[in-house]
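This is the structure we're talking about:
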């Protein structure tokens, strides 16, 4: 279905199997409704029957009939199982710091709904429609930003659980209310938790997965923007495009480089630069000559991250897991099922993928800043020094090079791996963790800074194009140059340029129209 956002779904069908980063973004950023697939509630009912059977038979089962963590050997009295669920939520709502942005909370909610919809948790079936109702009514639990170590997002997702039981705080239409009031205003009722429900509400890694879906969606777009800005720099520098020749790249087929080169050529198509004879130099600086190799590595890192994220979005991260109908009674033909201990909550591959993506983004940032500096150098660019048409008494774009370097420094700092931190165990039981949620959160900041850095390069590249006056620009540079000049005039006399960078970052590189146009130009390139 097509809703108020062109090309985006009005509703996302959640079946536990097929949630994509695009679906997460549609729900989290653009308000798409969530609808449960028809098979979900019967699946949840079958799993719940297994939970009820285990409780009835008093089978020792982690987190259901026993305590959690280091108290897993403690048998819970049967009449306390429901209250234990409530205490589990209350006792783990220990996150601190500023509230996570609403889109991140929505992303975590839809990731958890989808994880539950696929089965394996044994949650009471009525809880999942309540979570869907919270999403669709825009009841957003207030979740502090710090608290997950990547061994399930326990201490943060517990804040969601508080709202589910009518406690905690939630944002509704810009107002922060107590959880019960927010549910009531939305026409929803708090859930009464049964055995295992409290642990299910806190379990798995939906914050890492949901936030990861958002950052991967944005990272793919930022890569397209980096390609387009590079193409604009190529035009201003009059770069040599022979390193993009498929025959050259075929001699050393590094991951992603052919795709990146094909996209650059697609953006440059329609101009005269695709003919290497139009280049000013036989060999350009590495930041231009090897753009396809660096951007290709980012393509490869994104592919790795996509592969690591999909099982987190579309699998069961619960512990223990419920397996319905695995043990069939030979007399009655009915299945009793099993509940088994699980390590599916652990996310080392996802954390490693986020770390890898962070490093790839840093490489992309570093060469953007270097390309910008090469444009300022008249000995390399053939253009006026610092891209000022009025000579050495003007600063031109030289001071912006400092801003570019400051952005690179922050991006590099944020690229430090988070998956290799020391582990702390709960009495030696929970003795490994991944920091996957932190890995996703820092990527959000990196992507904002990278977009600002690309805006710096784009401003310099647009000025270089104005000064070089090429006869014909490629289709991508035409789009980007025109969008920049609609907002920012060329630099003649010196003026403050920081506001120009912000305008280009937000209104050009952040524009849905510009982004979709550039994606269309690169679509199909390989």
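Numbering (my numbering), first residue to last: 1279 to 1804. Note that CB positions come from ideal geometry on N, CA and C, so glycine has one too. Note that the coordinates shown come from a computational prediction; the quantities given were computed from them, not determined experimentally.
**Prompt:** Using the beta-carbon count (16 or more within 10 Å), is residue 1767 buried or exposed?
**Reply:** exposed
**Item:** Straight-line gap, residue 1769 to residue 1666 (C-alpha atoms, nearest Å)
**Value:** Taking C-alpha positions only, residue 1769 is separated from residue 1666 by approximately 7 angstroms.
**Request:** Determine the burial state of residue 1802: buried for a count of at least 16 other Cβ atoms within 10 Å of its Cβ, exposed for fewer.
**Result:** exposed
**Request:** Below 7 angstroms CB to CB, which residues in the same chain sit around residue 1722 once its five sequence neighbours on both sides are set aside?
**Result:** Closer than 7 angstroms at Cβ, skipping near neighbours: 1493.
**Asked** Would a C-beta distance cut-off of 8 angstroms place residue 1392 and residue 1294 closer than the cut-off?
**Response** yes
**Message:** Which residue marks the beginning of the beta strand (DSSP E) containing residue 1376, and which one marks its end?
**Reply:** 1374-1377
**Asked** Which residues share a DSSP beta bridge with residue 1447?
**Response** 1456
**Asked** Taking buried to mean at least 16 other C-beta atoms within 10 Å of its own C-beta, is residue 1720 buried or exposed?
**Response** buried
**Asked** Pick from 1526, 1512, 1553, 1570: whose alpha carbon is nearest that of residue 1539?
**Response** 1570
**Asked** According to the Cβ coordinates, are residue 1457 and residue 1446 closer than 8 angstroms?
**Response** Their beta carbons are under 8 angstroms apart, which means residue 1457 touches residue 1446 by this criterion.
**Message:** Tell me the rounded alpha-carbon separation between residue 1528 and residue 1521.
**Reply:** 11 angstroms
**Close beta carbons around residue 1773, own chain, < 8 angstroms, minus the five adjacent residues each side** = none
**Request:** Could you give the DSSP three-state label for residue 1547: helix, strand or coil?
**Result:** coil
**Request:** Tell me, please, which residues DSSP counts as bridged to residue 1289.
**Result:** 1311
**Whole-Å CB distance - residue 1646 paired with residue 1732, under 8 angstroms assumed** = So it is a contact: roughly 6 angstroms between Cβ atoms.
**Message:** Could you compute how far the alpha carbon of residue 1541 sits from the alpha carbon of residue 1800?
**Reply:** Between residue 1541 and residue 1800, the C-alpha separation is close to 5 angstroms.
**Asked** Distance, Cα to Cα, residue 1624 vs residue 1483?
**Response** 8 angstroms
**Request:** Would you list the residues sitting across from residue 1429 in a DSSP beta bridge?
**Result:** 1624
**Asked** Is residue 1649 closer than 8 angstroms to residue 1543 when the C-beta atoms are compared?
**Response** no
**Message:** Please report the straight-line C-alpha distance between residue 1556 and residue 1381, rounded to a whole angstrom.
**Reply:** 46 angstroms
**Asked** In whole angstroms, what separates the C-alpha of residue 1418 from that of residue 1320?
**Response** 27 angstroms
**Request:** Give the DSSP-derived three-state secondary structure of residue 1422 in the structure shown.
**Result:** Strand, per DSSP.
**Message:** Quick check: the segment 1676-1684 against the segment 1577-1590, are at least 3 beta-carbon pairs closer than 8 angstroms?
**Reply:** no
**Request:** List the DSSP bridge partners of residue 1600.
**Result:** 1617
**Asked** Can you give the Cα-Cα distance for residue 1746 and residue 1515, rounded to whole angstroms?
**Response** 8 angstroms
**Reduced DSSP secondary structure (H/G/I, E/B, other) of residue 1736** = helix
**Prompt:** Unbroken alpha helix (DSSP H) runs of length 4 or more, entirely within the segment 1636-1671: which are they?
**Reply:** With a minimum length of 4 residues, the continuous alpha helix (DSSP H) runs that stay inside the segment 1636-1671 are 1656-1659.
**Request:** Give me the Cα-Cα distance between residue 1488 and residue 1787, rounded to the nearest whole angstrom.
**Result:** Rounded to whole angstroms, the separation of the alpha carbons of residue 1787 and residue 1488 is 23 angstroms.
**Prompt:** Would residue 1485 pass as a contact of residue 1411 if the rule is Cβ separation under 8 angstroms?
**Reply:** Their beta carbons are not under 8 angstroms apart, which means residue 1485 does not touch residue 1411 by this criterion.
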